[in-house]
Amino acid sequence: MMLAVLILAFLAFLGLVLFLSTGAAGWLTLLFGGAGVALVLLLVDVVRKK
Numbered sequence: 006m007m008l009a010v011l012i013l014a015f016l017a018f019l020g021l022v023l024f025l026s027t028g029a030a031g032w033l034t035l036l037f038g039g040a041g042v043a044l045v046l047l048l049v050d051v052v053r054k055k
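Take any residue in the sequence shown, count from 1 to its spot, add 5: that is its number in my numbering.
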């Protein structure tokens, strides 16, 4: 769980850098990609506990 939060925070930071350099399109792509990665990690975490 903590790993997913750290990865999401890292992706948010990368998204901010992309937003400043390329604009909203790159930032939105990374944001949705980061959310997808976090959801997959959460699902894996839940499955492992069962």
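Glycine is no exception: its CB is placed at the ideal position from the N, C-alpha and C atoms.
*Is it true that the CB of LEU8 sits closer than 8 Å to the CB of LEU46?*
By 1-based counting over the sequence shown, the position of residue 46 is 41. By 1-based counting over the sequence shown, the position of residue 8 is 3. Yes, the pair counts as a contact, with Cβ atoms nearer than the cut-off.
*So GLY41 packs on LEU13, CB below 8 Å; how close in whole Å?*
Counting from one through the sequence shown, the residue named residue 41 turns up at place 36. Counting from one through the sequence shown, the residue named residue 13 turns up at place 8. Approximately 11 Å separates the beta-carbon atoms of GLY41 and LEU13; this is outside 8 Å, ruling out the contact.
*Using a Cβ-Cβ cut-off of 7 Å (strictly less than) and excluding sequence neighbours within five positions of LEU36, which residues of its own chain qualify?*
Walking along the sequence shown from the start, residue 36 turns up at place 31. The residues are GLY20.
*Cα-Cα separation, VAL52 to VAL10*: Against the sequence shown, residue 52 aligns to sequence position 47. Against the sequence shown, residue 10 aligns to sequence position 5. Between VAL52 and VAL10, the C-alpha separation is close to 18 Å.
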